[in-house]
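Enquirer: One structure is given below, represented as structure tokens, and several questions about it will come after.
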Amino acid sequence: MTATTSPFRPIHAPTDAPARRLSGMLGGLGRWLGGGVLAVAALSAHAFDFETVAAKARQLSGAPYKPAPQNLPAELKDLSYERYREIEYKPERFAWRGARLPFEISFYHEGMVFDQPVRINEVVGNSVREFRFDPGAFNYGSHKVDAAKLKGLGFAGFRLLYPLNQGKRKDELASFLGASYFRALGKDQWYGLSARGLAVDTALNSGEEFPRFVEYWIERPSANDKQVTIYALMDSRRMSGAYRFVIKPGNETVMEVKSRLFLRENVTKLGLAPLTSMYLYGENQPTANADFRPEVHDSDGLSVQLGTGEWVWRPLVNPKRLLVTSFAATNPQGYGLMQRDRTFDNYQELGAWYERRPSGWVEPKGNWGSGRVELVQIPTPDETNDNIVAFWVPDNPPKPKQAFDYEYRLKWQKDGENLPPLSWVTQTRRGQGLTRKQDDTSFSLTVDFEGPAFKKLAEDARLDPVISADANGELLKTSVRRNEATGGWRMTLFMRRKDETKPVELRGYLRNGNTTLSETWSYIIPPG
83 MTATTSPFRP IHAPTDAPAR RLSGMLGGLG RWLGGGVLAV AALSAHAFDF
133 ETVAAKARQL SGAPYKPAPQ NLPAELKDLS YERYREIEYK PERFAWRGAR
183 LPFEISFYHE GMVFDQPVRI NEVVGNSVRE FRFDPGAFNY GSHKVDAAKL
233 KGLGFAGFRL LYPLNQGKRK DELASFLGAS YFRALGKDQW YGLSARGLAV
283 DTALNSGEEF PRFVEYWIER PSANDKQVTI YALMDSRRMS GAYRFVIKPG
333 NETVMEVKSR LFLRENVTKL GLAPLTSMYL YGENQPTANA DFRPEVHDSD
383 GLSVQLGTGE WVWRPLVNPK RLLVTSFAAT NPQGYGLMQR DRTFDNYQEL
433 GAWYERRPSG WVEPKGNWGS GRVELVQIPT PDETNDNIVA FWVPDNPPKP
483 KQAFDYEYRL KWQKDGENLP PLSWVTQTRR GQGLTRKQDD TSFSLTVDFE
533 GPAFKKLAED ARLDPVISAD ANGELLKTSV RRNEATGGWR MTLFMRRKDE
583 TKPVELRGYL RNGNTTLSET WSYIIPPG
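Put into structure tokens, the structure is as follows:
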């Protein structure tokens, strides 16, 4: 399995941002006032809602899958990233611009890997109007294109704009582009991880299936609305589905997601509410190459709140081979790929702003039953690939022809992100072994915890580190001490791996007497 190139980049990103951030560079923009890009209204006696899309998904599932045609001319299909980003939509053509609405819409042009059109509609009351592709709305830069060849194309996706940061100036809020990928921003955030509608057979030898959002409906907001609603129709070889996204922008942007799936055939692994991110290296796995950047990652760990209430933190790694791990749970309370490190000095890359990348936190609504939170970590040689995936795998997936409903809340966070109530891991660092000699095969791991639980401790309090290793790890020494620099506590362990070709799984937490004071640190050391 290979890592995937991310298509997103924020609208106000600098020109030297990594190539995988290209969502903000491109777009086809419709406009409600003038321009003639909206199709004639399709009137209905019934209000358009989630059930309307669900009926379409059910109907699709009853027929053989028909992939969308790949209709790109060669001059657009063979574009490099740099050439693709030259295609820009004229700002005066943004949908809803001039209508004094809180949101605006920009549409993406087909090109490069985005070679299948999606249909995008506006919902106004009981009316549905299609935004029509118009090549005249784009600036093509240095491209010499024949407009006549482009008239049969469509949009590749869209993005929403909203005044997140500076007064009335509209910034990019959310973007939907490629397969079922989407992402969003809160205030003072910079694009990092993304989400997907569904993950199917991820990390299996049979190969992954990528369902597509093939049609969208965007409800036209009123002048005072603080949220916007999007419906999406998904289709793929083995399933179809209906989605509703209610997007609420703010310091943390929140998406209320509702989905109904219909399977045509059984799938081996169904991944719900997937998150996709990038981890190249960090304090727990420093780079061996000369690089001025101490850390490069969109996320630094997987956080899970189990149904029992226990919080677990698994630092991410960039393994040499595919690494798949999971946490079994019943009715999980939440999980997310988090960026806990918010200090610029630990990244040092101007323009990339890794310290501003959002954390993505999934909160299931209702009971999701038994299953597992699965973490897939894929080797990557550089930061241009998304190599981290996390999702929920139910033990009892739907059967073909059965409707399968689930809902969740997805938070895009920076300040005030979801953390355990007692204390949490702030860093994991690997060091030398017990003797610090060249022939010493042991090594150390240092784990720092911070949180409100420590503020209540007496000055002479003694904590115990509760640490365990699987059969491939030999613990040699453990200790814990107060960290006067941070006000937290530091847990240190020395260990040796028995078989370098196999991973080691470690778990640890802090305890004061019989009282647990921290989340559980759960670390995987990948094979050497």
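Sequential numbering from 83 applies to the sequence shown in this note's numbering. Just so it is clear, CB atoms sit at the ideal spot from N, CA and C, and this is done for glycine as well. This one's a predicted model, so the numbers in the text were calculated from it and none came from an experiment.
#1: Where does K148 fall in DSSP's three states?
#2: Does the distance between the C-beta of E174 and the nearest non-hydrogen atom of the ligand GTP fall short of 8 Å?
#3: Give the range of the beta strand (DSSP E) segment to which A156 is assigned.
#4: What's the C-alpha gap between V586 and D552?
#5: From which residue to which residue does the alpha helix (DSSP H) around R518 run?
#6: Ends of the beta strand (DSSP E) at E556?
#7: Taking C-alpha atoms, which residue in E499, W395, P401 and T335 lies nearest to M360?
#8: Using the rule of at least 16 other Cβ atoms within 10 Å of the residue's Cβ for burial, across every protein chain shown, is E347 buried or exposed?
#9: Looking at the strands, I want to know which residues DSSP matches up with G389.
#10: Could you please give me the residues that DSSP links to Q309 through a beta bridge?
#11: Where do the N-terminal and C-terminal ends of the alpha helix (DSSP H) with F132 fall, by residue?
#12: Of the residues L599, A277, E465 and G279, which one's Cα is nearest the Cα of R375?
#13: Could you round the C-beta distance between T407 and G353 to whole angstroms and report it? I think they count as a contact, below 8 Å.
#14: Keeping to the same chain, check which residues put their C-beta closer than 8 Å to that of A410; ignore five residues upstream and five downstream.
#15: Who are the Cβ neighbours of Q271 in its own chain at under 6 Å, not counting the five residues just before and after it?
#16: Distance, Cα to Cα, L255 vs I300?
#17: In this structure, does DSSP put E174 in helix, strand or coil?
#18: Between E499, D581, G569 and E566, which has its C-alpha nearest N554's C-alpha?
#19: What first and last residue would you give for the beta strand (DSSP E) that runs through R165?
#20: Measure how close the beta-carbons of D253 and L243 come, nearest whole angstrom, since I'm counting them as under 8 Å.
#21: Could you tell me the boundaries of the alpha helix (DSSP H) in which K231 lies?
#22: How do the segment 589-600 and the segment 383-390 stand: do at least 3 beta-carbon pairs fall below 8 Å, yes or no?
#23: Consult DSSP for G610 and reduce its assignment to one of helix, strand or coil.
#24: Would you report the Cα separation of E192 and G268, rounded to the nearest angstrom?
#25: Using 8 Å for Cβ pairs, my map puts R579 next to I549. What's the rounded Cβ distance?
#26: To the nearest angstrom, how far is it from the Cα of D317 to the Cα of L558?
#27: Is the CB-CB distance between P547 and R593 below 9 Å?
#28: Please report the distance separating the alpha-carbon of E566 from that of G418.
#29: Distance check for G239 and P199, CA to CA, integer angstroms please.
#30: Suppose the cutoff is 8 Å on Cβ atoms and the five residues either side in sequence are ignored; what does the same chain contact list for K68 look like?
#31: What are the start and end residues of each continuous beta strand (DSSP E) run of 3 or more residues lying completely inside the segment 335-411, in chain order?
#32: Alpha carbons only, please: which of E392, L280, L345 and N478 is nearest the one belonging to Q141?
#33: If you check the beta carbons only, do V444 and L357 fall under 9 Å apart?
#34: Compute the Euclidean distance between the alpha carbons of A156 and D228, then round it to the nearest angstrom.
#35: Quick check on the burial criterion: 16 or more other C-beta atoms within 10 angstroms. Buried or exposed for K538?
#36: Cβ atoms of V529 and M577: under 9 Å apart, would you say?
Expert: Considering the structure as presented:
#1: Here the question's residue 148 lines up with position 66 in the sequence shown. It is coil, neither helix nor strand.
#2: Although the ligand GTP was asked about, the structure shown includes no ligands whatsoever.
#3: Walking along the sequence shown from the start, residue 156 turns up at place 74. For A156, there is no enclosing beta strand (DSSP E); the residue is part of the alpha helix (DSSP H) that begins and ends at A156 to K159.
#4: As a working mapping, residue 586 is identified with position 504 in the sequence shown. As a working mapping, residue 552 is identified with position 470 in the sequence shown. Spanning the two alpha carbons is a distance of roughly 6 Å.
#5: As a first step, residue 518 is located in the sequence shown; it is residue number 436 there, counting from the start. Where R518 is concerned, there is no enclosing alpha helix (DSSP H), given that its DSSP letter is neither H nor E.
#6: Within the sequence shown, the letter at position 474 stands for residue 556. Boundaries of the beta strand (DSSP E) harbouring E556: G555 to N565, taken from the DSSP string.
#7: Position 278 of the sequence shown holds residue 360. The residue with the shortest Cα to Cα distance from M360 is P401.
#8: Counting from 1 along the sequence shown, the entry for residue 347 is found at position 265. With a 10 Å radius around the Cβ and a threshold of 16 neighbouring Cβ atoms, E347 comes out exposed.
#9: If you number the sequence shown from 1, residue 389 lands on position 307. As far as DSSP is concerned, G389 takes part in no beta bridge.
#10: The residue given as residue 309 occupies position 227 in the sequence shown. Paired residue(s): none; Q309 is not in a bridge.
#11: Translated into positions along the sequence shown, residue 132 becomes position 50. Element bounds for F132: F132 to S143.
#12: Taking the first residue of the sequence shown as position 1, residue 375 is located at position 293. Comparing Cα positions, the closest option is E465.
#13: In the sequence shown, the residue the question calls residue 407 occupies position 325. In the sequence shown, the residue the question calls residue 353 occupies position 271. Wrong, their Cβ atoms sit about 14 Å apart, outside the cutoff.
#14: The residue you call residue 410 lines up with position 328 of the sequence shown. Correct list, in chain order: S452, G453 and R454.
#15: The residue given as residue 271 occupies position 189 in the sequence shown. Scanning its chain for C-beta atoms nearer than 6 Å, with the 5 sequence neighbours on each side dropped, one finds around Q271 the residues R438, P440 and K496, in chain order.
#16: Reading the sequence shown from its first residue, position 173 is the one you call residue 255. Reading the sequence shown from its first residue, position 218 is the one you call residue 300. The alpha-carbon of L255 is positioned some 14 Å away from that of I300.
#17: Numbered from its first residue, the sequence shown carries residue 174 at position 92. Reduced to three states, the DSSP call for E174 is helix.
#18: Within the sequence shown, numbered from 1, the residue matching residue 554 stands at position 472. Comparing Cα-Cα distances from N554 to each of E499, D581, G569 and E566, the minimum goes to D581.
#19: As a working mapping, residue 165 is identified with position 83 in the sequence shown. Bounds of any beta strand (DSSP E) do not take in R165; it lies within the alpha helix (DSSP H) bounded by Y163 to Y166.
#20: Within the sequence shown, the letter at position 171 stands for residue 253. Within the sequence shown, the letter at position 161 stands for residue 243. That belief holds up - the Cβ atoms of D253 and L243 are roughly 6 Å apart, short of 8 Å.
#21: Locating residue 231 in the sequence shown gives position 149, where the first residue counts as 1. Segment A229 to L232, the alpha helix (DSSP H) holding K231.
#22: These segments do not touch.
#23: Reading the sequence shown from its first residue, position 528 is the one you call residue 610. Coil.
#24: To locate residue 192, count along the sequence shown from 1; it is residue 110. To locate residue 268, count along the sequence shown from 1; it is residue 186. For E192 and G268, the distance between alpha carbons rounds to 27 Å.
#25: By one-based count along the sequence shown, residue 579 stands at place 497. By one-based count along the sequence shown, residue 549 stands at place 467. So it is not a contact: roughly 15 Å between Cβ atoms.
#26: Here residue 317 refers to the residue found at position 235 when the sequence shown is read from its first residue. Here residue 558 refers to the residue found at position 476 when the sequence shown is read from its first residue. If I take the Cα positions, the gap works out to 53 Å.
#27: The count along the sequence shown starts at 1 and reaches residue 547 at position 465. The count along the sequence shown starts at 1 and reaches residue 593 at position 511. Contact: yes.
#28: Translated into positions along the sequence shown, residue 566 becomes position 484. Translated into positions along the sequence shown, residue 418 becomes position 336. Between E566 and G418, the C-alpha separation is close to 30 Å.
#29: As a working note, residue 199 is residue 117 in the sequence shown. As a working note, residue 239 is residue 157 in the sequence shown. Between P199 and G239, the alpha-carbon positions lie close to 8 Å from each other.
#30: The question about residue 68 has no answer here: the residues shown for the chain are numbered 83 through 610.
#31: Segments of the beta strand (DSSP E) lying fully in the segment 335-411: 335-345, 352-359, 361-363, 383-387 and 393-397.
#32: Within the sequence shown, residue 141 is the residue found at index 59, counting from 1. Nearest of E392, L280, L345 and N478 to Q141, Cα basis: L345.
#33: Residue mapping note: residue 444 aligns to position 362 of the sequence shown, counting from 1. Residue mapping note: residue 357 aligns to position 275 of the sequence shown, counting from 1. Yes, the pair counts as a contact, with Cβ atoms nearer than the cut-off.
#34: Taking the first residue of the sequence shown as position 1, residue 156 is located at position 74. Taking the first residue of the sequence shown as position 1, residue 228 is located at position 146. One Cα belongs to A156, the other to D228, and the distance between them is close to 12 Å.
#35: Translated into the one-based positions of the sequence shown, residue 538 becomes position 456. Only exposed fits K538, as fewer than 16 other CB atoms lie within 10 angstroms of its CB.
#36: Counting from 1 along the sequence shown, the entry for residue 577 is found at position 495. Counting from 1 along the sequence shown, the entry for residue 529 is found at position 447. Their beta carbons are not under 9 Å apart, which means M577 does not touch V529 by this criterion.
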